[in-house]
Amino acid sequence: MRVPFFLHKIIYMVFFSKKEKNDATAHSLFDWVDSLVCASVLCILFFTFSFKTMRVIGSSMYPTYHDGQRVIAITPFTDLHRGDVIITDDNNGTGDPLIKRIIAFENETVVIDPSGKILIDGEILEDYVDAGLYTTYGDTEYPIVVPEGMVFLMGDNREVSYDSRYTAVGCISSDCIVGKVIS
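What the sequence shown shows, in this note's numbering, is residues 1 to 183, in sequence order.
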């Protein structure tokens with residue numbers, strides 16, 4: 001990527017329009033500015049369109065992520081799998097972005113049984129976090145079939161997480177997923 005034409009003109013006028021057109025210092029300064037501008041533009045484009053960072057707020061993803069921790073999400077993701085941690089935009093019933101784990105996809109039936117176990121299409125979900133956690137029901141009536149184009153999300157700290165188990169949040173549209181957390 002090269003410096004845009006107007007920047008070339010400005011740099012040329014400032015550094016090369018004087019008598020010292022062949023001055024080696026001016027040429028090396030021009031090359032340095034050229035490289036710096038190109039590198040800056042590439043970094044901005046890369047981090048604008050490829051990665052998002054977000055600070056975890058609250059303890060809903062504990063013990064995986066802690067309050068105040070920064071996470072990085074890749075934005076041009078292709079495949080999402082059960083258990084992936086994602087970031088949603090603010091169109092999720094809370095008005096704020098969420099960091100949650102995908103539990104179920106479209107057309108899958110979710111049930112939380114009286115013991116707190118999660119069943120997806122009748123099979124017990126092998127958990128992604130430490131054993132021994134208790135899953136509360138929320139205010140959703142089970143069984144729930146995840147609608148077309150949506151996902152069912154839950155936080156890892158199931159006792160305090162405000163997620164798809166609550167009707168105010170519900171299932172989240174796949175279009176609201178901003179990125180897949182990679183660290």
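The C-beta atom is built at its ideal place from N, Cα and C for all residues, glycine as well.
As the structure is a computational prediction, the values presented were derived from the model and not from experiment.
At what residue ranges does the region 84 to 137 contain a whole run of the beta strand (DSSP E), taking only runs of 3 or more? Qualifying beta strand (DSSP E) stretches, in chain order: 85 to 88, 99 to 104, 109 to 112 and 118 to 120.
Simplified DSSP assignment, three categories, for Leu153: Here residue 153 is taken as the residue at index 153 of the sequence shown, counted from 1. In the structure shown, Leu153 sits in a strand (DSSP, three-state: E or B).
Could you pull the DSSP bridge partners for Gly232 from this structure? No information on residue 232 is available, as it lies outside the stretch 1 to 183 that the chain covers here.
To the nearest angstrom, report how far apart Arg70 and Ser60 are at their CA atoms. As a working note, residue 70 is residue 70 in the sequence shown. As a working note, residue 60 is residue 60 in the sequence shown. Taking the straight line from one Cα to the other gives about 14 Å.
So for Ile44, helix, strand or coil by DSSP? Translated into the one-based positions of the sequence shown, residue 44 becomes position 44. Helix.
Helix, strand or coil, according to DSSP, for Val185 in the structure here? Nothing about residue 185 can be read from this structure; the chain reaches only from 1 to 183.
Who are Gly179's beta bridge partners in DSSP? The sequence position of residue 179 within the sequence shown is 179, counting from 1. DSSP output for Gly179 lists Ile87 as bridge partner(s).
Below 8 Å on the Cβ atoms is my contact criterion, and I expect Arg158 with Thr136 to pass it. Report the Cβ-Cβ distance as a whole number of Å. Here residue 158 refers to the residue found at position 158 when the sequence shown is read from its first residue. Here residue 136 refers to the residue found at position 136 when the sequence shown is read from its first residue. That pair is a contact at about 6 Å.
Residues of its chain near Leu125, where Cβ-Cβ distance is below 6 Å and the 5 sequence neighbours each way are ignored: Here residue 125 refers to the residue found at position 125 when the sequence shown is read from its first residue. The residues are Ile118.
Given a threshold of 16 other Cβ atoms within 10 Å of its Cβ, counted over all protein chains shown, does Asp175 qualify as buried or as exposed? Here residue 175 is taken as the residue at index 175 of the sequence shown, counted from 1. By the neighbour-count rule (16 or more Cβ atoms within 10 Å), Asp175 is not buried but exposed.
Of the residues Leu98, Gly68, Ser50 and Met150, which one's Cα is nearest the Cα of Thr75? Against the sequence shown, residue 75 aligns to sequence position 75. Measuring from the Cα of Thr75, the nearest candidate turns out to be Ser50.
Nearest candidate by alpha-carbon position, reference Pro97, set Glu148, Gly58, Asn107 and Arg82: Counted from its first residue, the sequence shown places residue 97 at position 97. Checking every option, the nearest Cα to that of Pro97 belongs to Gly58.
Where does Ala168 fall in DSSP's three states? On the sequence shown, position 168 is the one that residue 168 refers to. Residue state, collapsed to three classes: coil.
Could you please give the first and the last residue of the uninterrupted beta strand (DSSP E) stretch that includes Thr53? In the sequence shown, counting from the first residue as 1, residue 53 sits at position 53. From DSSP, the beta strand (DSSP E) with Thr53 extends over Phe51 to Arg55.
Mind reading off the beta-carbon distance from Val56 to Asp67? Whole number of angstroms is fine, and I expect it under 8 Å. Sequence index remark: in the sequence shown, residue 56 carries index 56 (1-based). Sequence index remark: in the sequence shown, residue 67 carries index 67 (1-based). About 6 Å separates the two Cβ atoms, so the contact holds.
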